[in-house]
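A.B. asks: The sequence shown begins at 1436 in the working numbering and counts up one residue at a time. Below you will find the structure I want to go over with you.
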Amino acid sequence: MATGVEELLDMLYELIDEAKSVPLSNEKCIIERDKALDLLDDIKAQFPMELSEAKKLIAARSDYIASAKREADLMKKQAEEQARQMVDEDELMAKARQKANELIRQTEERCRELRRSANEYCEDALRRTEEAVAEAHEEIKVSRGRFRAAANAANTAGQRPAYDVAVESE
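Here it is in structure tokens:
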């Protein structure tokens, strides 16, 4: 089974190219409807897979951020607990507060850094996915344009379609 959109389009092109001509007509041919429809369904199925990957990346980002927040909350609670245990003397209490505040600051900074990293990672992954989808879409448009141009040229000239010649020369 074909996996790429381009390969599927090549298979559809080949199916049409090898189709038998209708008697007394150079412009019409007979193709197996089920095969053509199956190929079109496979092509359409490729796009949701790309979208599914993007959704998975977004979900992974959300999980990553939630995990970072839980980690930050845990670190904050640990810092606060540690500060409470150090309340025996004024000097120890002052040091405990200072350390707790520093740990809280570090935790918040770490949380911000983890969020920033997760956002950058997801943004990059989504950008690459968007580019891949756009590239595949552009390939389909170009193939479709070639097919139409070849069919129109064959229609106006009353001869064998030009796209047949292009395939044979490649």
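Yeah, the Cβ is synthetic: ideal placement off N, Cα and C, and Gly gets one too.
Select from Ala1495, Ser1578, Asp1476 the residue whose C-alpha is nearest the C-alpha of Asp1445.
C.D. replies: Working through the sequence shown from its first residue, we reach residue 1445 at position 10. Asp1445 has its Cα closest to that of Ser1578, out of Ala1495, Ser1578, Asp1476.
A.B. asks: Along the chain, where does the alpha helix (DSSP H) containing Ala1449 start, and where does it finish?
C.D. replies: In the sequence shown, the residue the question calls residue 1449 occupies position 14. For the record, residue 1449 in the displayed sequence is Glu; it is not Ala. Element bounds for Glu1449: 1440-1452.
A.B. asks: Report the option in Glu1573, Lys1512, Lys1504 whose CA atom is closest to the CA atom of Arg1551.
C.D. replies: Counted from its first residue, the sequence shown places residue 1551 at position 116. Here the closest residue by C-alpha is Lys1504.
A.B. asks: If you count every other CB in all the chains shown that lies within 10 Å of the CB of Leu1509, and 16 or more means buried, which is it?
C.D. replies: If you number the sequence shown from 1, residue 1509 lands on position 74. Exposed.
A.B. asks: Which residues does DSSP pair with Cys1464 in a beta bridge?
C.D. replies: Mapped onto the sequence shown, residue 1464 falls at position 29. According to DSSP, which records beta bridges pairwise, Cys1464 is partnered with Ser1456.
A.B. asks: Measuring alpha carbon to alpha carbon, tell me which residue in Arg1519, Asp1477, Leu1459 is nearest Asp1469.
C.D. replies: In the sequence shown, counting from the first residue as 1, residue 1469 sits at position 34. Comparing Cα positions, the closest option is Asp1477.
A.B. asks: State buried or exposed for Ala1529, treating a residue as buried only when at least 16 other CB atoms are found within 10 Å of its CB.
C.D. replies: On the sequence shown, residue 1529 is found 94 positions in, with the first residue counted as 1. Its Cβ having fewer than 16 others within 10 Å, Ala1529 is exposed.
A.B. asks: Quick one: is Val1440 buried, meaning 16 or more other Cβ sit within 10 Å of its Cβ, or exposed?
C.D. replies: Taking the first residue of the sequence shown as position 1, residue 1440 is located at position 5. Result: buried.
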